[in-house]
Structures are given as structure tokens and as C-alpha cells.
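Remarks on the structure that follows.
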Amino acid sequence: MLGAFRSALATPDLRKKILFTLGIIVLYRVGALLPSPGVSYPNVQKCIANVQQDGIYSLLNLFSGGALLQLSVFALGIMPYITASIIIQLLTVVIPRFEQLKKEGQAGQGKLTQYTRYLTIALAILQATGIVALADRGQLFGECQDDIIPGDKIFTLILIVITMTAGTAVIMWLGELITERGIGNGMSLLMFVNIAARIPYEGKIIWDKGPITFTVICLFGLAIIASVVFMEQGQRRIPVQYAKRMIGRRMYGGTSTYLPLKVNQAGVIPVIFASSLLYLPDLISRLIGGSQDSGWQRFIQQYLVQQDSWVHILVYFALIIFFTYFYITITFNVNERAEEMRKFGGFIPGIRPGRPTSEYLNFVLQRITLPGSIYLGIIAILPNFFLSVTGTGNNQNFPFGGTAVLIMVGVGLDTVKQIESQLMQRNYEGFLR
Amino acid sequence: MAKMLAKVKGRLRRFLERPASVELTKYEALLPKIADREEDIAKLSDEELTSRVGKLRASERELADDELVEFCALAREAAKRALDERPYDVQLLGVMGMLSGHVVQMATGEGKTLAGALTAAGFAVRGKRVHVISVNDYLAKRDAEWMRPVYELLGVSVGYVGEKVSAEHRREAYASEVCYGSVSEIGFDLLRDRLVTKAEDQVQVPNPAAVALVDEADSVLVDEAKVPLVMAGSAEGVERDADMAEIVRRLRAGVHYEEDEDGRNAWLTPSGAKAVEKALGGVDLYAEDSPYLAAVNVALHAHALLERDVDYIVRDNKVQLINTSRGRIAALQRWPDGLQAAVEAKEAVAATESGEVLDSITVQALIARYPKVAGMTGTAVAVAEQLREFYKLEVAVIAPNKPCIREDELTRLYTTEEAKEDALIKEIVATHETGRPILVGTLDVAESERIAKRLSENDLACVVLNAKNDAEEAAIVAEAGAYNAITVSTQMAGRGTDIRLGGHDEADHDKVAELGGLYVIGTGHYPSSRLDDQLRGRAGRQGDPGGSVFFSSMEDEQLAQYAPEVQLHVLKEPPGEDGLIKDKTARAFVAHAQRVAEGVELEIHRNTWRYTRLIEQQRDIIMEHRDKILHSDVADTLFEKHAPERHKELVEELGAEIVAEAARQILLYHLDRRWVDHLGYTSDVRETVHLRALAKETPIDEFHRAVVPAFNQIVPEAHETAIASFDTVKIGENGAELEEAGLKRPTSTWTYMVYDNPWDSDAEQALKKVRAHVKKVKAER
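So the sequences go chain by chain: A and B.
Start counting at 1 in the first sequence, then tack on 51, and there's your number in my numbering.
Start counting at 1 in the second sequence, then tack on 2, and there's your number in my numbering.
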């Protein structure tokens, strides 16, 4: 792989793309550290140092690379965009017009992207307002009493909201720039950067627990990464033949003509869904009242919010499995797939086209999703067993488990693959001209 | 001051009218200088003229400005003497534009052939060999013969190739400085050269030529660019099933099989599959490596989707394809192999040979081999973007010698197909009464025949052009401008031949001109506005009067397919009694549909090119390797190294020369075999690679990942198996006896083109978008 990178850097065209991508990433990190106007930087730092985070925003904070609690220009990160894309994607199942747009190819996809952008801006305004309101009331850091936004004028607050929203728009643009002119998928890469940016910080926390713990955790982390790489690459390849050509009646494609089903076909989305859903009860109980006295509030605190509680872990795990199946059912239409194959003369050897094929596909998909969903669940709950090391509430931030590792590995694999493919093609061109 | 103002105005107009074109002002400035020399040069004897051209051969650089002036002046004089035609300034401008590597747009009748010849000579005197690529064999031969005197005066050798010329003639033609040939013939020669097993059998030596000068550049570079030229060879295990055609014939549409609305795909229903299985004696069609399914599919395709006299005709007990886009019989075309055989079985005619694809090359890749490309056509601006994207060519527009005064009417849109045709016939009858010549351009063969029939019902005699050979066609088209003439023709018919008013000798020129010149009527819009313009361009040649109009109806296929929303449109005013629609929005849809059609076409082109580019690169690498084997003793050295004992033994027994030759034959066989397999592999991968998107992978990337490693195996594997063969194959006085060892080369090879590959998955992808849209509109209705 290192060899691939070296030759990638030796190819002028590809080098330009990689450097461009790195440039954008640097720009993005600068924005993530740049405080919004009106925010008291020293006070924020003091609060962050004093307070253990307590969960609500830890996922958001993760996705923003720690920028959220810094209240920086890019505080919202790409989370609004991701949420918007997920919502739009789900809506394509519900709203017929969206479904048609999706089918229309490039032009329709353009329209959907347009909608996603509008929704992103709307969500950004919502989130920015929420965070600024919390910060203004001093609730963002719980106990911390330092005045985060000293000006306190309504104008200042509006300015911060506008800044953060604009920041989100800029991030979207940066992401698209990478996709267009750099390497890899821009949005995923920025998410990758955000998570990777937390590693030194989290590493420091673990280091403070002692070098032995640190070494063990690191080794353990490597093992997890290796297994995630293994699982993410896992595919069930259903052989497919397109019996239309009759050239000496020979099949050439052999093992290369197949319909791939990933073990983890759903990706990271079920985990995000599940953790978002688990935060809801906590959020509701906080919104209703400050006192934690009533019975159900205590129940929530004890069993759902406490991340080392068995109830929490089990519910989380179950939710992930449920959402994995849910997401695959709505995004992977076996009937459509079977119908399309039949129309173009394709078939799975041994299986009759049409209904039997769609039933077969469904069968394989259900089967392969089971280990896939269990794997997702295990990776997601792993950090909960290390709370004593990383500190409560930090489960999502633990860089070797949960969403973080899934995203990092997924994005990393995709990007390397893309570089590799471009390299293969370029090598020929370089050879010829 | 006024002069400057006029100049600015001219520039502005040019800028607005012809986007994406390069400036030729630099060359315009040279024109007076060329004219200055005319008098002096006229005094030279023929020999002196030739030797003065010879002086330009001193260098190999491109012609500098003063040399360009010298060359153009000499060329003009040569043309004047040889053909009695003095090239106009605009023609010389075209020559200079092409010499600088552009595609020039010159209107019909401006003398493109002469300009092309002078350009080719211009390249040739600088030591660059030129292939002048034309659309068909007839034009290649005609132009080469016609221009030969000019070339001779300029001291440049010229030749041509065609389908029916001998290998000796070909070799001589390709060795001349300028060689004329149709794009398919030049491509086929390239393919054949790549498969020879003896170096002396190659005809295109050295290869490739330095310059490709493309006549009708838009047609060759855009319309035919994605057409693969295929070289096939007989293969074992290919036999056809007459039974299958019989079985499929008994199936009923809707019950046993279903088909797409637009007739691109047909497939068996479960009950159809059962019926076929029963007929075959209870086999399982969908078993692994089922030998029947492919046969059933092609037979079904032939039965359900291909219609006699629309898609093909049966003539002389042979199936011949109709090229629907050109609307004529395509002698060189075949369907991909299995399908051709299936259609032959369906019609119960003698089976032609069928086998496997040995190699193929697209026109685009063929053109890309030439270091320098220039071209000329009547309609280049419309494809300027594509020429830039795919060929890095710029378009230069040459103003006509005399301004065009043709009157182009707005499209006449009718409610129904019937109303349109009635109006069309009426228009022809009315115009014919005055004696004005009429050229009717139809969309396909069937339509041209229908119209001819209706005209004869009205007691009008007309000439129909659709399935004749090129030479006859040219003669007929040349007469289309005669007094009282009515010619019904498909789009491409007679391209490259001028329609002179008053017949080929211009006897009645003034009489016809008074009537308004040639009147061109299109029976429907073509898939691109450029093709419309080509048809219009037949009238109004060299400042002659002329007129053109297109008829269209709301039921036109193009409109229905690409702008189905027009059906939802409510007309603001009711159509006239004859069905004529004046509504502006409805008429705008006609142009819109055409633009969508153009967009789809471009998308298909772009996608095909993305996938074929890699294969083309691999082909170049393999062929370079093959050439090395052919021209040196790489093979011999290989065996000497890896099988030293056997090698030594053989050399002692038979002599070094025979062994080297045997070694070459063995290695070539294995290399070619691997390459054919590789082509089969890539097309199989290509067919299913779109499924990779399901695992969130990028199909084109995955295609590369599958095809590149497979390619890298070819040479090592070929070497390995060749070394094994070298040990086992009997090598005697006559070289290696490969056949005895079961290593048979195809006993015969043949070439063909594939125009519309019915199984092209790219076309499917692009069409799917449009189809989804169509369905939506239908649902709304």
C-alpha cells in the first residue's frame, strides 16, 4: 500500500489531486479551531477542561471533530449535511416524486442534491440556534459557570448563528470541491478528518492512565481495526450470467461476473440511528425538567443514560440489529433487481428468473445481514466496556470502537481503492504517451 | 474608420453566430500575398512548377507563413492546370486551416474535395504520409482518381484502397504519400495487419500514417465514432439451432414472452420458459452453464424484436441489415454473431460463417492513432464541443464563397402522422406543378418507399434512393436538381456528390433557379439538428437559390420518445382543418425532443469511450509486443533461454532459420489466443459490472480492477504455454505443426461492423433515464 502511495505521488496528475485534497483538509481544520465572533475563547477552554462531557452532544461533537464545544466557525461540522442526506434518502422511499427523481439519473440526482442542500441549511440554522441558546444559558457545559458568550446581546447571538450556518455551507462546498477535483468522496473524507482529529486527544487521556493500559488499548485497537477491515471487505458474490452472447458458447467472465452483497450492506447508518434514538429519552427528560426525582426519570438515568448499564447495552445492541434490517429492507429492492436482470437476459445459474430469483436474493440478503448486524452491534457496544479507561460518556469518542472506527475504516478503504484504480489507469497512459 | 467598424461588426457577428470556432484571420492576411504570386507562377512550365513544390520538401517542420504562401500559390496553379478549376480564396483558407490541424466547416458545394487534396499534398511535401479518410469506398476511389492530376503536378504520389482491391494494390496505395480509403477499409486493414503471422503480409507499412485527413468529419468522428470494426474468425463448437427458431416461433407474445415498450428487450415468462423446456425434452434452461439459454435468448430476440423489411431484408437468400440511421442496406454490417445466426435460422436461409471476435477497434480509437488529425465537413460547429472533448480538435468556419440565399421555413407540425403525410404529398404535388426540383429526405427505408408509392398513386414519377450501391446513388443524386425532378432519398444517400441546378451538366440552371432552385423537404426531424442541416445543405449550393422545410407530427417517434410531456400540452388554438398546428409551445417541443435525443446519444458515446479507452490502451501495448515478435527473433531467444536442450537439438537438426520461424509461430499463436480470450473476458465483465454498485463500489473503477490484472497475465502466460508447446509440438522441415497439436488458428476470417449493438449495456443505462421519465408522464396522463 505504501508503494501505491509512492507511485501515486510520482504521477503528476494524481499528486495534484492528493495535494489539493490535503489543502482543503488543512483549511477545514483551521475553520474548526477558529472561534466564532462573540465567543469568549479562554472561558470556553476553561469549561472544556473542567467538565466531563455527558453524552448528549458527544456524537455531534465527534462528527464535528471537537469543533462543536469550541463553538468555532465550523462548529456544526458536516452533521447537518449527513442528517439531511439520510432524511432525503429515506424520503425517496416515501415520496413518489423523489423516487422518480432518483430514477431519472444525473438530472434527477442533481435535483435531489439541491434539496439536500436546502435541508442542510435549514438543519444548520436549527442546530446552531439550539447550541447558541444552550451556551447562552450556560447549559452547554453543565456545571461550568464561566460566561461563554460575554456580549449577551441578541445581536451577538444572531451573528453566531449566522456564522455557524454559513460555516456549514462552506463545509458543504469544500466537500464537493474534494469530490470534484480531489480524491475520494469529499463528505466522507471530512468526516474521517474530524474523527481522526480526536485521536491524539483521546490518546492523551488513555496515556494518562499509564503506559501499560495504553499499550494494551493500542494493541486491542489494532485488532479491532483489522477485524473491521476484514468484515467491511466481506462480500457474498452471487454468480450471474448474461446469456445473450453466443461466441463459441464459452463463458469468459468466470469469477468476475457476479452480483455482490456486502456483509455490512447497511454501512454505519444503523449505528447512528440507534444511538440517536437512545439519546431521545435523556433529551426529553432534560427538556421537561431539571429535577431528576420522578420515577421514570430516575429509570432513564439509571438504565438508559448510564452507558455501562446492561439495559443500555442490550437495548443499544437490539436497536442496531433492528435498524440494520430496517435499512436494508428499504434501500435494497430485491424485486426490482430481479426484474432488471430478467429483462436484460441475466440469471443466477440454477435459479429461475423473476419471482424465484427475487426470493433467492432476499433469502441470501436476510442470511448475510444477520452476521452483518451482529458485527455492527458488537463494534458499536465495544467502547462501553472501556468506560473505566476512557471516562463515562465518551463511548462514541473512543477511537477504536463504535461509529468512529466504522467510518474511518470505510472511508479509508474507499479512498485507497480509488487511488489504486486511478493509478492503474494512469500507468498505462503514462506508458503510452 | 468605417472599414474598422465593419471589421468589428464582422467579428462580433462571427462570434455570435459561430461559438467554439477558431479565428482564421491570420491566414486571411496571407491571401493577397498568394494572389500576388499568381501571375509569376502562371508563367512556369509544368516541370518547373513541380520542382518548385519540391523545394518545399527541404524541411520537415510545419509550413511557415511564407512557405504557406508559396505552397498555396503553387497549389492553386496546379489545380487550375490539372482540373481547370481555380481554387477560390475560401478554399485556400480551408487548406490553411486544415494544415494547422483543425476541422474546417465549408458549406456543401464549396469544393471540399479539392481543398482536401491540396491539404493532403501540403502535408505530403513535408514528408508526412496522409490517409484521406472518406465515408465510403466509392468516394475514396472517385476522389483519388479525380485529384490524381493535381497530385502529379505537385509531385505527390497518391493511391486508394477499397473493399475489392488486392493486397498488392493495398500495399502500394499505403506506401504512397497520400492514400484515400473509407474509414472501414482502413480500419479493417489495420485489424488484418495485426493478425498476420508473416511480416511481409502486412499492408499498412509503416503504420500509422502521420496524418488523418477526415472527409465528412462530423459523420466519421461523431456518428460513427462508437462503431466497432470487428474482425472475426471461425471457431469450433459454433453450430446453429434450426430447431430453436422453430420452438420460438410457436411462442406467443404476452403469454410466453414479454417485451419492452420500445422494443429493445424481450424475455421469457415463466410459462414461456416451461414451454421451451418441454420442447427441448425436459431440460433445465437455467442450470449452470446451460447450453440452451443463450440460444433461446437470441432466437427470441430475432423472433420478437427484429422485423423483416424494417430491420433487415432477405435478398439472394441472404440476410442483410438495414442501417436505420442511414436508412440503407448496410452490406458490411452484421449483428453480433449469435444473433446473426438466429435471424438466418428464423428466415431459413443459408447460414453465414460465425465464430468468435478476434479483435475489434472503434473508429474513435482508429483516428486517435494518428499523431495529427484534420477534417472538413459542411456541419462542424454543432459538434464542436464533442470534437474538442474526444479528439482535442478545434473547428474553423469558412464563409461560403457566395453567401447562401436558401430559404429555410419553420417546421410544419401536424396533429397526426396521417395529416402530416397528406400535407406532405399535397406540398410535393403543388410544387411539382411548377417544375421545381424536389428532394424529399425520409427517416427510413420503409418511409421512402411509402412516399414513393403515394406519389405514383398521384401519377408522379420519382426516383427512390435507399438501397442502391454508392456509385449509382451518386449518379442519381447528381440529377436531383434537374427540371421537374422528384427524388426521394434517405439521409445519407449520395452524400459527397453535388446537386447542381438543372442536372449534372447544369443545362437548365437558370430556368430552375428562376423557380426558386432545389426544394428540400424533410419528412421528420433526424436525431440531431446537424443531420437536419446536412439535408438542408443539399439546396442553396454556391449562392444558388433554394428552399427547405421539415414536416413533423405529434405522433413522430422522436417526439413520443424524448418529449412525451407534449401530449399533456393543451393547444392554445385548435389545429387547422388539415391538422396544422400553429401553437408555439408545441412546436418548441419538437426542437426540445431533438436536443434530448442528442444528449442521450452523447451520454452513450461518453460512457462507451470511458470503458473502451482502457482496452484500446491494452491493445496498443499488446500489438507493440506482437510486432516485436513478428519483426525480430524475440521468440527464438525466449526458447533458447527456457528450453535450451530442445532448442539446440532442433537447430542442429533443422537449422537456425526454421527453428526461429517455428518459435515465432508458436509464440504468436499463444499470444493471439490469450488476447481473444481477454476480449471475451472484458465483454463479460463489462456486462455485469454495473451490479458492483450494489456493494457501493464504482463500476468503472471495478472494471479496471478486474481487467488490468487479467491483462498483466497475458504476456507471461503466453510465454509459459508457448514454452510448453515448444517442448511438445512437432517441429519439422515445414516449421511447427500447430494444428496437429490442436492449436488451430481460425481457418477463415472476415470483417464487419456493428452499428447498433442491441445488447450494449451503456445504451441501456442512458435509455433507462429517459424511459423512467416517459413512464412518469404516462402515469400522469
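Where is the CB? At the ideal position from N, CA and C, for every residue including glycine.
Everything numeric in this text was worked out from a predicted model, so none of it was measured.
Could you check whether the Cβ of A:Gly396 sits closer than 7 Å to any Cβ belonging to chain B?
The residue you call residue 396 of chain A lines up with position 345 of the first sequence. Chain B, which has a Cβ nearer than 7 Å to the Cβ of A:Gly396, makes this yes.
Within the 7 Å Cβ cut-off, does A:Ser472 reach chain B?
Your numbering for residue 472 of chain A matches position 421 in the first sequence. Yes, contact with chain B.
Within the 7 Å Cβ cut-off, does B:Arg408 reach chain A?
Looking up residue 408 of chain B in the second sequence gives position 406. Judged by the 7 Å Cβ criterion, B:Arg408 is not in contact with chain A.
What whole-angstrom Cβ distance do B:Arg538 and B:Val522 have, given they're in contact under 8 Å?
The residue you call residue 538 of chain B lines up with position 536 of the second sequence. The residue you call residue 522 of chain B lines up with position 520 of the second sequence. At roughly 6 Å, the Cβ-Cβ gap stays under 8 Å, so B:Arg538 and B:Val522 are in contact.
Is it buried or exposed, A:Gly214, if we count other Cβ atoms within 10 angstroms and call 16 or more buried?
Reading the first sequence from its first residue, position 163 is the one you call residue 214 of chain A. First, the residue type needs correcting, since residue 214 of chain A is Thr and not Gly in the sequence shown. Under this definition A:Thr214 is a buried residue.
Please report whether the beta-carbon of A:Val144 lies at a distance below 7 Å from any beta-carbon of chain B.
For the purposes of this step, residue 144 of chain A is identified with residue 93 of the first sequence, where counting begins at 1. Cβ-Cβ to chain B under 7 Å: no for A:Val144.
What does A:Leu310 reach in chain B if we use C-beta pairs closer than 8 Å?
Position 259 of the first sequence, counted from the first residue, corresponds to residue 310 of chain A. Here the neighbours are Thr690, Leu693, Leu696.
Among B:Ala77, B:Val216, B:Gln206, which has the Cα closest to the Cα of B:Ser136?
Here residue 136 of chain B refers to the residue found at position 134 when the second sequence is read from its first residue. Looking at the Cα atoms, B:Val216 is the closest of the given residues.
Chain-ordered chain B contacts of A:Val291 [CB-CB under 7 Å]
For the purposes of this step, residue 291 of chain A is identified with residue 240 of the first sequence, where counting begins at 1. Those within 7 Å of A:Val291 in chain B are Thr690, Leu693.
So with Cβ pairs under 7 Å, would you call B:Asp686 a contact of chain A?
Numbered from its first residue, the second sequence carries residue 686 of chain B at position 684. Yes, B:Asp686 counts as interfacial toward chain A.
What is the residue span of the alpha helix (DSSP H) that A:Lys313 lies within?
Locating residue 313 of chain A in the first sequence gives position 262, where the first residue counts as 1. Unbroken run through A:Lys313 is the beta strand (DSSP E), 309-313; no alpha helix (DSSP H).
Evaluate contact between the region 279-298 of chain B and the region 310-318 of chain B, counting only Cβ atoms and requiring at least three cross-stretch pairs below 8 Å.
no
How big is the Cα-Cα spacing for B:Ala1 and B:Glu69?
Because residue 1 of chain B is not part of the residues shown, which for chain B are 3 to 783, the question remains open.
So, is A:Asn445 buried or exposed, given that buried needs 16 or more other C-beta atoms within 10 angstroms?
What you label residue 445 of chain A is simply residue 394 of the first sequence in a count that begins at 1. Caution applies to A:Asn445, whose pLDDT of 49 falls short of 50 and renders its modelled position unreliable; the model cannot decide the point.
Taking 7 Å as the CB-CB cut-off, is B:Asn714 touching chain A?
Numbered from its first residue, the second sequence carries residue 714 of chain B at position 712. Answer no: the Cβ-Cβ gap between B:Asn714 and chain A never drops below 7 Å.
Within the same chain, show all residues whose beta-carbon is closer than 7 Å to that of B:Tyr564, passing over the 5 residues directly before and after it, in chain order.
Working through the second sequence from its first residue, we reach residue 564 of chain B at position 562. Counting only Cβ-Cβ distances below 7 Å, and skipping sequence neighbours, we find Ala595, Val598, Ala599, Val772.
Three-state secondary structure (DSSP) at B:Tyr176?
Along the second sequence, one-based indexing puts residue 176 of chain B at 174. It is helical.
Measure the C-alpha to C-alpha separation of A:Gln352 and A:His363 and round it to an integer number of angstroms.
Taking the first residue of the first sequence as 1, we reach residue 352 of chain A at position 301. Taking the first residue of the first sequence as 1, we reach residue 363 of chain A at position 312. Cα to Cα, A:Gln352 sits roughly 10 Å from A:His363.
Report the neighbours of A:Gln469 on chain B: residues whose CB is nearer than 7 Å to its CB, in chain order.
Here residue 469 of chain A corresponds to residue number 418 of the first sequence, with the count starting at 1. The answer, in chain order, is Asp703.
Within a Cβ cutoff of 6 Å, which residues of the same chain sit near B:Gly157, ignoring the five residues on either side of it in sequence?
One-based indexing of the second sequence puts residue 157 of chain B at position 155. Same-chain partners within the cutoff: Thr52, Val55, Gly56.
B:Gly340 to B:Thr444, Cα distance in whole Å?
Position 338 of the second sequence, counting from 1, holds the residue named residue 340 of chain B. Position 442 of the second sequence, counting from 1, holds the residue named residue 444 of chain B. Each residue's alpha carbon lies about 31 Å from the other.
In terms of residue numbering, what span does the beta strand (DSSP E) encompassing B:Pro151 cover?
Looking up residue 151 of chain B in the second sequence gives position 149. Careful: B:Pro151 lies outside any beta strand (DSSP E), inside the alpha helix (DSSP H) at 139-156.
If you measure beta-carbon to beta-carbon, which residues of the region 277-292 of chain B are closer than 9 Å to chain A?
Asp286, Leu287, Tyr288, Ala289, Glu290, Asp291, Ser292
Out of curiosity, what's the CA-to-CA distance linking B:Arg456 and B:Val490?
For the purposes of this step, residue 456 of chain B is identified with residue 454 of the second sequence, where counting begins at 1. For the purposes of this step, residue 490 of chain B is identified with residue 488 of the second sequence, where counting begins at 1. Their backbone Cα atoms lie some 12 Å apart in a straight line.
Just verifying my parser: in three-state terms, what is the DSSP assignment at A:Gln357?
Taking the first sequence and counting its residues from 1, the one referred to as residue 357 of chain A is at position 306. Coil at A:Gln357, not helix or strand.
Local conformation of B:Met625 per DSSP, three classes:
Here residue 625 of chain B is taken as the residue at index 623 of the second sequence, counted from 1. If DSSP states are grouped into helix, strand and coil, B:Met625 belongs with the helices.
So, are the CB atoms of B:Gly99 and B:Val106 less than 7 Å apart?
Reading the second sequence from its first residue, position 97 is the one you call residue 99 of chain B. Reading the second sequence from its first residue, position 104 is the one you call residue 106 of chain B. Yes.
Nearest-angstrom beta carbon gap, B:Arg251 and B:His305 [assumed within contact, 8 Å]
Numbered from 1 along the second sequence, position 303 holds the residue referred to as residue 305 of chain B. Numbered from 1 along the second sequence, position 249 holds the residue referred to as residue 251 of chain B. Indeed they touch by this definition, with Cβ atoms about 6 Å apart.
First through last residue of the beta strand (DSSP E) which encompasses B:Ala234
Numbered from 1 along the second sequence, position 232 holds the residue referred to as residue 234 of chain B. First-last of the beta strand (DSSP E) with B:Ala234: 230-236.
Among B:Glu651, B:Glu642, B:Ala66, which residue has its Cα nearest to the Cα of B:His721?
Numbered from 1 along the second sequence, position 719 holds the residue referred to as residue 721 of chain B. Nearest option by C-alpha distance: B:Glu642.
Going straight from the alpha carbon of A:Arg148 to that of A:Thr167, what length do you get?
Here residue 148 of chain A refers to the residue found at position 97 of the first sequence. Here residue 167 of chain A refers to the residue found at position 116 of the first sequence. The straight-line gap from Cα to Cα measures roughly 15 Å.
CA-to-CA distance, B:Ala344 to B:Asp446, given in whole angstroms:
On the second sequence, residue 446 of chain B is found 444 positions in, with the first residue counted as 1. On the second sequence, residue 344 of chain B is found 342 positions in, with the first residue counted as 1. Taking the straight line from one Cα to the other gives about 24 Å.
The ligand PLP and A:Ile351: does any heavy atom of the ligand fall closer than 6 Å to the residue's C-beta?
Absence of the ligand PLP from the depicted structure is noted, as is the absence of any ligand whatsoever, leaving it without description.
Please state whether the Cβ-Cβ distance between B:Val152 and B:Ala84 is less than 7 Å.
Position 150 of the second sequence, counting from 1, holds the residue named residue 152 of chain B. Position 82 of the second sequence, counting from 1, holds the residue named residue 84 of chain B. Yes; because the gap between Cβ atoms is below 7 Å, this pair is in contact.
Is the Cβ-Cβ distance between A:Thr501 and A:Ala175 less than 7 Å?
A question about residue 501 of chain A goes unanswered here, because the residues of chain A that appear run from 52 up to 484.
Nearest to A:Gly189 (by Cα), restricted to the options A:Val314, A:Leu141, A:Val95
The count along the first sequence starts at 1 and reaches residue 189 of chain A at position 138. Closest by alpha carbon: A:Val95.
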